[in-house]
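In my numbering, the protein residues as written are 397 to 666. Even glycine gets a Cβ: it sits at the ideal position worked out from N, Cα and C. None of these values were measured; they are calculated from a predicted model.
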């Protein structure tokens, strides 16, 4: 019986801080006692290893090609608590996984996922086939936006594609790089208004992350913000988001029990 909540973390455009939020949210969940797997699903442009200052011996590409087992490429950031599955970098052909590649990855992944409470997937930006595939397979989708108009329009386009193509209706939103909760609410309201008017769906505001000088410092030191400056404003915001995810998982336990951690798709769907 499954109790693992899989969360796709995605964005309409790049440069909105998605990978940083994914990393620190995973660290926050671990700090609260949850076993967490963080997957770098930006297949051809890996960034998690850079943020962590690690040099993985293997990555997802090696698993897909049959050169390594999944257990061999997992990197334990915190033993028995937080694992990272690295992606390949500079391999453009992995940007769009074929159905056979997707099936091979799922075959290797599935036996391992059930030992985690949370599986967070840091997806690439935009609406590529691989982004859509992982977004649909996950139990929950979290869209990262900023107050910039281009972020709002691109995020709406992403939600529209996933809604129209796959019938997905449940989306959660995190507003990053804001000066206040009011600015976050205004930005969310613009996106939610468009979704409500054109798509007849209601995204939910999961939280916001304030601008914080400690975050670029942590990036330069190649450390998660949650360990570098756990008392900083942005770290407090990410802790609050993590708490909401924990509550969401508990509320969905009965529903999770009847599905796989990642729901694979028929080959003709993607």
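| Item | Value |
| --- | --- |
| 9 Å Cβ cutoff met for residue 562 and residue 597 | no |
| 3 or more residues per run - each beta strand (DSSP E) lying fully within the segment 594–626 | 600–606 |
| Beta carbon of residue 439 nearer than 9 Å to that of residue 406 | no |
| Distance between residue 592 and residue 469 (C-alpha atoms, nearest Å) | 42 Å |
| DSSP bridge partner residues for residue 572 (one or two, in chain order) | 605 |
| Alpha-carbon spacing of residue 474 relative to residue 400, whole angstroms | 19 Å |
| With 16 other Cβ atoms within 10 Å as the buried cut-off, status of residue 584 | buried |
| Collapsed DSSP secondary structure at residue 403 in the structure displayed | strand |
| Beta-carbon gap between residue 435 and residue 518 smaller than 9 Å | yes |
| 9 Å Cβ cutoff met for residue 569 and residue 541 | yes |
| In chain order, each beta strand (DSSP E) run of at least 3 residues that lies wholly inside the segment 402–460 | 432–437 |
| Residue 523 (DSSP reduced to helix, strand or coil) | coil |
| Pair within 9 Å by beta-carbon distance, residue 656 and residue 506 | yes |
| Environment of residue 471 [buried if 16+ CB atoms lie within 10 Å] | buried |
| Helix, strand or coil at residue 557 [DSSP, three-state] | helix |
| Assigned exposure category for residue 397 - 16 Cβ within 10 Å defines buried | exposed |
| Range covered by the beta strand (DSSP E) that runs through residue 472 | 471–474 |
| Span separating the alpha-carbon of residue 651 from that of residue 421 | 23 Å |
| Beta-carbon proximity check, residue 590 vs residue 601, cutoff 9 Å | no |
| Helix, strand or coil at residue 517 according to DSSP, with G and I counted as helix | strand |
| Where residue 509 falls: helix, strand or coil (DSSP) | helix |
| Whether residue 606 touches residue 626 by CB criterion (9 Å) | no |
| Enclosing beta strand (DSSP E) for residue 479 [first to last residue] | 478–481 |
| Endpoints, the beta strand (DSSP E) within which residue 537 is located | 536–541 |
| Residue 413 versus residue 543 - alpha carbon distance | 12 Å |
| Reference residue 573, options 658, 554, 633 and 557, closest by Cα | 633 |
| Assigned exposure category for residue 514 - 16 Cβ within 10 Å defines buried | buried |
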